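Residue numbers (this note's numbering): 21 to 164.
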């Protein structure tokens with residue numbers, strides 16, 4: 021009998037007076053596409069994909085802008101799954117003087133996180149949910 025597994029994706033972005041920056045808004049659209057694709061791909065494996073969207077208030081953003089537009093999958097940051105690096109660059113008036121988060125993968129800097137990278141990290145995280153399954157079953161034996 022199989023058991024239900026869960027892939028939890030958490031994302032948070034700056035929200036100031038109901039507005040967010042263009043890069044967070046575009047990342048949200050990419051995230052929604054990625055989650056839909058992951059749900060479809062992982063459903064036959066009985067893996068539920070849960071998306072939690074969080075809000076980073078302006079005061080917290082001002083203290084630590086790197087917390088905005090951050091994605092984690094089952095408790096690990098996206099950049100850890102991808103062997104990537106988080107960076108920063110100037111953004112827009114919503115962000116004020118603070119730089120926003122970027123993601124550098126294989127020398128390419130992404131201000132908006134593409135669905136493909138989120139899907140890749142999601143599949144890597146989902147694969148880890150099956151670690152140890154082979155140990156749960158007794159080997160098949162024939163003869164005496």
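Every residue, glycine too, gets a C-beta built ideally from N, C-alpha and C. Quantities reported herein were computed from a predicted structural model and do not represent experimental measurements.
| Item | Value |
| --- | --- |
| Simplified DSSP state of residue 96, which is helix, strand or coil | strand |
| CA-to-CA distance, residue 87 to residue 103, given in whole angstroms | 18 Å |
| Validate contact between the region 26-36 and the region 66-85 using beta carbons, cut 8 Å, 3 pairs | yes |
| Residue 48 vs residue 134 beta-carbon contact at 7 Å | no |
| Closest by C-alpha distance to residue 107, when choosing among 77, 128 and 142 | 128 |
| Backbone secondary structure at residue 55 - three-state DSSP | helix |
| Close Cβ partners of residue 76 (< 8 Å) along its chain, the five nearest in sequence each way excluded | 32, 33, 34, 35, 87 and 88 |
| Entirely enclosed beta strand (DSSP E) segments - the region 55-87, minimum 3 residues | 67-76 |
| Rounded C-alpha distance that separates residue 132 from residue 63 | 27 Å |
| Residue 43 - DSSP class collapsed to helix/strand/coil | helix |
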